[in-house]
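>
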Ligand SMILES: Cc1ncc(COP(=O)(O)O)c(C=O)c1O
């Protein structure tokens, strides 16, 4: 009720601002007018802004027990295991494996899926290095698909890239926005291909009411500083499949499968495998235990702020927002507008900066096929298997392989959200957008 009144007040204020600006048009700061804010507004790191006595108590527990290793110590360690239990419950999956980074989580997922030489993995052309690197580290071939106006992988592009060697689709939910999972899951099931959801940038978001990470065969998350909840570094792998969990857990711990994890799945089914060490330590486990209990609070705050911003600009002429496959489920990490072309978008970004409201192009990812080391097909060793298959030899990367991706990322600009933005901050963002939004 209180929220509804607040919302009405906010819309009224935004409307008043429009009327005011419609009379004598306010001079934009970029043209010498007074900026909306005296000092720049800054979005912060979400999870760490919520650190309080809860995280402190968890870390102190580990220090005082002198028990920082997840499997044994002077006292029975509990933090990482408890975090896994609560994270799995929150994501509505049967199993969760805490690891040392999102990149490590991707590598565990590759091992769980038994991705290797000769296999092809379809991933979006616009995503983080880790996705491409995990495929290379597995010895497989990364095949880049175009994105669509959601900034996520375009289902039509996936269909065109499938071959008999395609083993996995990476559905990367970027900047808080769920992929079109209905289409991706339908394509995967038609071609009998597995789906990995990379939720590194979208922990806490959902698709049609289901937490991201729970829809595909495996979901992964990052707990690095820029993410919804954080211990500085860390990652999680989730799945409902006990066999995938066992393979991921073994890969993360040199190939072994410890008793507490055996208990979770009801016993080991495999022998010793090869693996690396991606274990999480108890300090991180403790911090993450406190953080996962705050996830819903953080998500509600950032989503609420993004919705207020949408409300405040909804009536702008010819407004085209980023495509949201599930507007209810997105995190609201940023509110992005399509300016039709790069130069208009750049003018908007510069004008917003002058108002002391930083606005940016979509971020947090790279256009993989345009990176020189990728165009040069560099790997770890000259005989690395990734580019030795027929298709690996033939594949080309480069800007001409992802023109749609480059075009989309050039014409969108927007404002990043923060769960701790105050009402005044949101008023200022709305005011600035309305002031400089190009009407032509
Ligand atoms: C889409 C995506 N996947 C994976 C990762 C890797 O996570 P980490 O930095 O924890 O290794 C990131 C990190 O930003 C990411 O954005």
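Numbering (the working numbering), first residue to last: 53 to 492.
Quick reminder that beta carbons are idealized off the backbone N, C-alpha and C, glycines included.
In whole angstroms, what separates the C-alpha of residue 275 from that of residue 489?
35 Å
> Kindly indicate which residue of 467, 386, 84, 406 has the alpha-carbon position closest to the one of residue 253.
The closest CA to that of residue 253, considering only 467, 386, 84, 406, is found on 386.
> What whole-angstrom Cβ distance do residue 470 and residue 354 have, given they're in contact under 8 Å?
7 Å
> Going by C-alpha distance, which of 225, 383, 262, 268 is nearest residue 244?
The shortest Cα separation from residue 244 among 225, 383, 262, 268 belongs to 268.
> Check this for me: beta carbons of residue 494 and residue 280, under 8 Å apart or not?
One cannot answer for residue 494 here, as it falls past the ends of the chain, which runs 53 to 492.
> Report yes if the C-beta of residue 506 is less than 7 Å from at least one heavy atom of ligand 1; otherwise report no.
Limits of the chain in this structure are 53 at one end and 492 at the other, which puts residue 506 out of reach.
> How many angstroms separate the CA atom of residue 74 from the CA atom of residue 486?
With a pLDDT of only 46 at residue 74, under the threshold of 50, the placement of this residue in the model should not be trusted, and no figure is reported.
> Between the region 395-415 and the region 74-89, are three or more C-beta pairs nearer than 8 Å?
yes
> By DSSP, does residue 290 sit in helix, in strand, or in coil?
strand
> Around the Cβ of residue 168, are there at least 16 other Cβ atoms within 10 angstroms (buried) or fewer (exposed)?
exposed
> What are the uninterrupted segments assigned as beta strand (DSSP E) that are 3 or more residues long and contained completely in the region 217-248, given in chain order?
218-224
> Say the cut is 7 Å; is the CB of residue 160 nearer than that to a heavy atom of ligand 1?
no
> Is it right to say residue 432 is buried, meaning 16 or more other beta carbons lie within 10 angstroms of its own, or is it exposed?
exposed
> Would you kindly work out how many angstroms separate the C-alpha atoms of residue 158 and residue 272, rounded to a whole number?
Distance between the alpha carbons of residue 158 and residue 272 is about 7 Å.
> Which residues in the same chain as residue 90 place their Cβ atom closer than 8 Å to its Cβ, once the five residues preceding and following it in sequence are excluded?
408
> Report the option in 439, 350, 126, 291 whose CA atom is closest to the CA atom of residue 101.
350
> Return yes when the C-beta of residue 411 is under 7 Å from any heavy atom of ligand 1, and no when it is not.
no
> Around the Cβ of residue 98, are there at least 16 other Cβ atoms within 10 angstroms (buried) or fewer (exposed)?
buried
> My assumption, with CB atoms under 8 Å, is that residue 304 sits in contact with residue 160. Please give the rounded CB distance.
Between residue 160 and residue 304 the Cβ distance is about 5 Å, and since that is below 8 Å, they are a contact.
> If we ignore side chains and look at the alpha-carbon of each, how far apart do residue 456 and residue 310 end up?
47 Å
> Looking at the structure shown, is residue 412 part of a helix, part of a strand, or coil, going by DSSP?
Three-state result, residue 412: strand.
> Assuming the contact rule is C-beta atoms closer than 8 Å, residue 177 and residue 225 should be a hit. Round their C-beta distance to whole Å, please.
With a Cβ gap of about 16 Å, residue 177 and residue 225 do not count as contacting.
> How many angstroms separate the CA atom of residue 337 from the CA atom of residue 199?
Their Cα atoms are separated by approximately 35 Å.
> With DSSP as the reference, label residue 214 as helix, strand or coil.
Residue 214 falls in the coil class under three-state DSSP.
> Rounded C-beta distance between residue 110 and residue 342? I'm assuming under 8 Å.
5 Å
> What does DSSP give as the partner residue(s) for residue 509 in the beta ladder?
Here the chain comprises residues numbered 53 to 492, so residue 509 is not present and cannot be evaluated.
> Below 7 Å, is the gap between the Cβ of residue 196 and the nearest heavy atom of ligand 1?
no
> DSSP state of residue 155, grouped into three classes?
Taken through DSSP and simplified to helix, strand or coil, residue 155 comes out as helix.
> Run the CB neighbour count on residue 473, radius 10 Å, all protein chains shown included, and call it buried at 16 or more, exposed below.
buried
> Where do the ends of the beta strand (DSSP E) carrying residue 172 lie?
172-176
> Do residue 210 and residue 239 have their C-beta atoms closer together than 8 Å?
yes
> Tell me the rounded alpha-carbon separation between residue 426 and residue 361.
38 Å
> Taking only the alpha-carbon atoms, compute the straight-line gap between residue 315 and residue 370 and give it to the nearest angstrom.
Distance between residue 315 and residue 370, taken at the CA atoms: about 57 Å.
> Can residue 155 be considered in contact with ligand 1, in the sense that its beta carbon sits closer than 7 Å to one or more heavy atoms?
yes
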